[in-house]
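Chains H and P, in that order, are what the protein sequence lines are.
To convert a position in the first sequence, counted from 1, into my numbering, add 66.
To convert a position in the second sequence, counted from 1, into my numbering, add 21.
For glycine and all other residues, C-beta sits at the position ideal for the given N, C-alpha and C.
The model shown is predicted, which means the values in this text are computed figures rather than measured ones.
Below is one structure; the comments refer to it alone.
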Amino acid sequence: MNRFAGPDGNIETEIQKSLLNIDGGIMNILSTVIRKTILTVSFVSLLPVITLTVSAQELNALVWCDHADDKLLKPFEEMHNVKVNIKTYEGTGAALSIIEQSAPGDWDVLVVDAPDAPTVAGLGLLEPYDASTLPMSDLFPQLTEAPFNYLDGKRYTIPEKFGYYGVAYNKDKVDPEDMKTAEVMWNPKYKGRVAVYDYYFPTMQLVAISMGISPDNITADDLEEIRKRLLEMKPNIKMVGDIVSVQNALVNGDVDIILNAAEFVVSGLMPTLPSLDWNIFEEGGLMWIQGLSIFKDSKNKDLALEFVKYVVSPEGQSRLATSECYWAMPANSTTQLSDAEREILRWDEQPGYLARSVPSTISRPEIDAKMLDIWTEFLQK
Amino acid sequence: MAKESKSLKPLHIDYTRWAFHPALWFTICFFIFPLAVMLAISFWQRVYGRLSATWDVANYVKFFGSDYLIDSLTNSIEVTVLTTVISILLAYPLAYILAFKVPKRIQGILLLVAVMPFWTAYVVRSYSWLLVISENGILNVFLKGIGLIDQPLEMAYGQGATVLGFVHFFTMLITLTIYANLVQIKSSYWKAAADLGAGPVRIFFRVTLPLSVPGIVVGAFISFVIAIGDYITPQILGGGTDILIPQAIMLQISRAANFPMASVMAVTLMAVVVLVYAISAKHMKMERV
Chain H
67 MNRFAGPDGN IETEIQKSLL NIDGGIMNIL STVIRKTILT VSFVSLLPVI TLTVSAQELN
127 ALVWCDHADD KLLKPFEEMH NVKVNIKTYE GTGAALSIIE QSAPGDWDVL VVDAPDAPTV
187 AGLGLLEPYD ASTLPMSDLF PQLTEAPFNY LDGKRYTIPE KFGYYGVAYN KDKVDPEDMK
247 TAEVMWNPKY KGRVAVYDYY FPTMQLVAIS MGISPDNITA DDLEEIRKRL LEMKPNIKMV
307 GDIVSVQNAL VNGDVDIILN AAEFVVSGLM PTLPSLDWNI FEEGGLMWIQ GLSIFKDSKN
367 KDLALEFVKY VVSPEGQSRL ATSECYWAMP ANSTTQLSDA EREILRWDEQ PGYLARSVPS
427 TISRPEIDAK MLDIWTEFLQ K
Chain P
22 MAKESKSLKP LHIDYTRWAF HPALWFTICF FIFPLAVMLA ISFWQRVYGR LSATWDVANY
82 VKFFGSDYLI DSLTNSIEVT VLTTVISILL AYPLAYILAF KVPKRIQGIL LLVAVMPFWT
142 AYVVRSYSWL LVISENGILN VFLKGIGLID QPLEMAYGQG ATVLGFVHFF TMLITLTIYA
202 NLVQIKSSYW KAAADLGAGP VRIFFRVTLP LSVPGIVVGA FISFVIAIGD YITPQILGGG
262 TDILIPQAIM LQISRAANFP MASVMAVTLM AVVVLVYAIS AKHMKMERV
C-alpha cells in the first residue's frame, strides 16, 4: 500500500484533503486565483467588444494602399468615435471582384482610379453626390471638372489625389536639362540606362504627346507611327517593370532614368535619396487621378460623406499626400505641406504643371488589343 | 477445353469502385475539366471586352504568325534548356562527390545544406540576387574593390540573370535526383568492370554515367517543367524585356483580360511539356540499376 494513500487507497483524495487543511486550504486559494484569472481574462477579452459597443459605428472602406496609414485614419476615428476598417486593393478589376464577392452594404467608401468611376457607377454600385454638400471650392478645378467624375450629369466621384506620368531620374547621373523634353526617350546619351514603368497605355500616350497627338484622341490610324517611335526607343531601355522593380533598378544604379513615372515612384524615396528627382515634359503632361466615391448600398452614408470631407480637407490631404505607400499631389490647393514636402512634390509649380497636362483616361476597346500587341512587341527584342 | 472456358468468361468492370475513386475524381475536377475549359476558350475571341464563343482558330493563327509572340516561346525554350544544361553540369559532380567521396556520416548534413535554397521564398531569393548582381551590388563592389574592374559589369536584367536565378535553384534539385540514383548503383558493376581491365575513367563513362541517366533525366525534366512555367524569376531578374511565355500570358490576362489568347499560349506551353516528357520518359526508368 502506498504510504501517501488514505484508507480508500486513493492518493489524490488524501493529498487534496491535506492541502485543504493548510491555512484555510491551498485549494481554496488556488480556486480563488483561478476564478479571478478567469474573470480578468474574460474582462480583457470582452474589452474590445465593450469598446466597440461604445463606438459602435464602423466605416468599411475599399481603398488604395495610401489610405492605410494610422496618421490618416486615427484623427478621423477619434473625431467621430468610429472605427475605420480598410481593405486595400490594386486595379479596378480587383475592386470589382471584391465587391462582387461581398454582400450589398458591406462597403461604404471606395477609392477608385477616377477615369474608371463612370464604369463603376454604370454598374449601379455608387451613390451620386449632392454637390451642395461637398467642399469643392478649394480643389483644383482641372480635377473636379474632368468629365469622368460624372455619369448622366450626376457626380459619382471626388478627386482626392493626383500625379503624373513623366520622368523620374538620378540627378547625379543625368543632365536635368535633358529630362525636360520628351526627346529624352530617344536620347542616345542614355543608351541602356532607362527603365520603363510597365503600363502600356500611358507610355504610348506619352509617345503620342511627343508626336503632337492628343493622348485622348489616339486613333487606329495613329498606332503605326506610335509603334515605330516606341520601337525606336528600345536601345535606351534596360528594363521594364512594376513600381518596386523600377525603384530597385534606379536605387541599385542599374538605370538612371525611369520613363512613364514621376512623383509616385520617387517622392517617397527623396527624403533619404536627395539625388532623385522627377518632372513632366515640356510637350505636355499626363495626369493620373484617384477619386473617392460612396457606395449606393452603404448603411453609413452620412459617416461616409464625413470621411470624404475629412480626406479632402487640408488636414486629411497633407496626411494622404505623404503616405508611407506613395507620395503624390493632394487635390486640395490649400493643403499645408512642409517646405521639404513642397519641394519634393514640386507643389509651387502645380499651377503650371496642371495648365499643360491632361488626364490619362482609359483605353478604348477598339484600339486596346492592338496597343497591347504593340507593347508586347516592344517588350521583345 | 480449359482455354475455351477462359475465353468465354464475361468481362466484368466494377464501375462503383471507379466512380468513388477519389484520385480519379480529383484529377477530373482539378485537371481534366479546367484543361478542357482552357482548350475550349482558346477557340473563342475577346470582342469589345466580352468573351465570344466563335469556335475558330484565329488566336492560334495570330500566335504562330506573330514574331513577337512566337519569340516568347523561343525565349522560354532557350532559357529553360540553357538552365537545365548548366544545372546538370554543376549538379553531377556535386552529386558524385556527395555519393562517393564524402563519408556517409556527413552526407545527411550536406544534403540538408543542398536543399536549403528551397526554404527561401521564391520572390525573396530573386530580389536577393538583384542585390548581388546589380551595378551597386555586392559583386561589382567587390570586383571594383580588388581592382579587377573599373566600370561595373552589367549583369542584372536580361536572360543571363534569369538563367542565373534558375540555376541557383535547379542545381540543387538535380543534385538530389542524381545523388538518389548514384547511391543505388550496385558496387558489383564496378568490380566486374575493373576485373575486366577497365580503368576509373572508363568505368565512369561506360558504367556509372549510363546507369545514372535516369537520375539526370528525372531532375532535368522536373527542372524544365518548373522553369518553363515560372513567372516570378524572369519578371524580377529578367527585367521585363525579352519576355518569356508565362510573362506573355500574364500580359494578356492582367492588362487585357484576353483569356482566349492566354489559353492559346498555355495550351502551346503544355504541348511543349508533353513533347519533352514523351522524349525523356523512356530514359527515366531505373530497371538496370
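Best match in H:Ala161, H:Asp244, H:Leu125 for proximity to H:Asp322 [C-alpha to C-alpha]: H:Asp244
Separation of H:Val331 from H:Gln313, as counted between CA atoms: 7 Å
Proximity test, Cβ basis, 8 Å: H:Leu86 and chain P: Note that H:Leu86 scores a pLDDT of 38, beneath 50, so its modelled location is shaky; the value from the coordinates is reported in the next line. Output row for H:Leu86: interface = no.
For H:Ala406 and H:Pro337, believed in contact at Cβ under 8 Å, the rounded distance: 7 Å
C-beta neighbour in chain P for H:Lys237, strict 8 Å: no
Outcome for H:Pro181 when other beta-carbon atoms lying within 10 angstroms are tallied against a minimum of 16: Burial state of H:Pro181 is buried, judged by a 10 Å Cβ sphere holding 16 or more other Cβ atoms.
Test: P:Arg276 CB closer than 8 Å to a CB of chain H: yes
Boundaries (first-last residue) of the beta strand (DSSP E) holding H:Glu226: 224–236
Cβ-based neighbour list, P:Phe163, same chain, cut-off 6 Å, excluding 5 preceding and 5 following: none
As assigned by DSSP and simplified to three states, the class of H:Asn126: strand
Residues that H:Glu443 contacts on chain P, provided the C-beta gap is smaller than 7 Å: Tyr89
Under 8 Å between C-beta atoms of H:Pro380 and H:Gln402: yes
Within chain H, partners of P:Asn157 - CB distance below 9 Å: Val317, Asn318, Gly319, Asp320
CB contact below 8 Å: P:Val81 versus chain H: According to the sequence displayed, residue 81 of chain P carries Tyr and not Val. Under the Cβ distance rule, P:Tyr81 does not count among the residues neighbouring chain H, no pair being separated by less than 8 Å.
Contiguous beta strand (DSSP E) assignments of at least 3 residues, all confined to the segment 301–370 of chain H: 303–307, 323–327, 342–345, 351–360
Neighbour flag for P:Thr262 against chain H, beta carbons, 8 Å: yes
Boundaries (first-last residue) of the alpha helix (DSSP H) holding H:Ala261: Note, H:Ala261: premise wrong, no alpha helix (DSSP H); beta strand (DSSP E) at 260–263.
Helix, strand or coil at P:Leu133 [DSSP, three-state]: helix
is_contact[H:Ala421, chain P] using C-beta, thresh 8 Å: no
Closer than 8 Å to chain H by CB, P:Leu151: For P:Leu151, a Cβ of chain H is located within less than 8 Å of the residue's own Cβ.
Residue range of the unbroken alpha helix (DSSP H) whose run includes P:Ser208: 208–216
CB contact below 8 Å: H:Leu438 versus chain P: yes
Residues that P:Tyr143 contacts on chain H, provided the C-beta gap is smaller than 7 Å: None at all; the shortest Cβ gap to chain H is about 15 Å.
Buried versus exposed call for H:Asn398 [16 or more other C-beta atoms within 10 Å across all chains shown]: buried
Proximity to P:Gln66 [Cα-Cα], best of H:Ala435, H:Glu443, H:Trp441: P:Gln66 has its Cα closest to that of H:Ala435, out of H:Ala435, H:Glu443, H:Trp441.
Residue nearest to H:Thr185 in terms of C-alpha spacing, selected from H:Phe214, H:Thr199, H:Trp354, H:Ile309: H:Phe214
Sequence-distant residues of the same chain with beta carbon closer than 6 Å to P:Met193, five excluded per side: Ala135, Pro138
CA nearest to the CA of P:Val288, picked from P:Leu45, P:Phe52, P:Leu60, P:Trp46: If we check each option's Cα against that of P:Val288, P:Leu60 comes out closest.
DSSP-derived helix/strand/coil call for H:Ser423: strand
Within-8 Å CB hit, H:Ile77 to chain P: Because the pLDDT at H:Ile77 is just 36, under 50, the model does not fix this residue reliably, and the value given afterwards should be weighed accordingly. So no, H:Ile77 is outside the interface.
Simplified DSSP state of P:Met305, which is helix, strand or coil: coil
Under 8 Å between C-beta atoms of H:Pro268 and H:Tyr231: yes
Any chain H beta carbon closer than 8 Å to P:Ile257: yes
Closest Cα partner of P:Val312 within the set P:Ala213, P:Ala302, P:Ala120, P:Asp77: No information on residue 312 of chain P is available, as it lies outside the stretch 22 to 310 that chain P covers here.
Straight-line gap, H:Gly91 to H:Ile152 (C-alpha atoms, nearest Å): A caution first: H:Gly91 carries a pLDDT of 42, below 50, which makes its placement in the model too unreliable to give a value.
Interface residues of chain H facing P:Tyr178 [CB-CB closer than 8 Å]: Lys304, Met305, Ala315, Asp320
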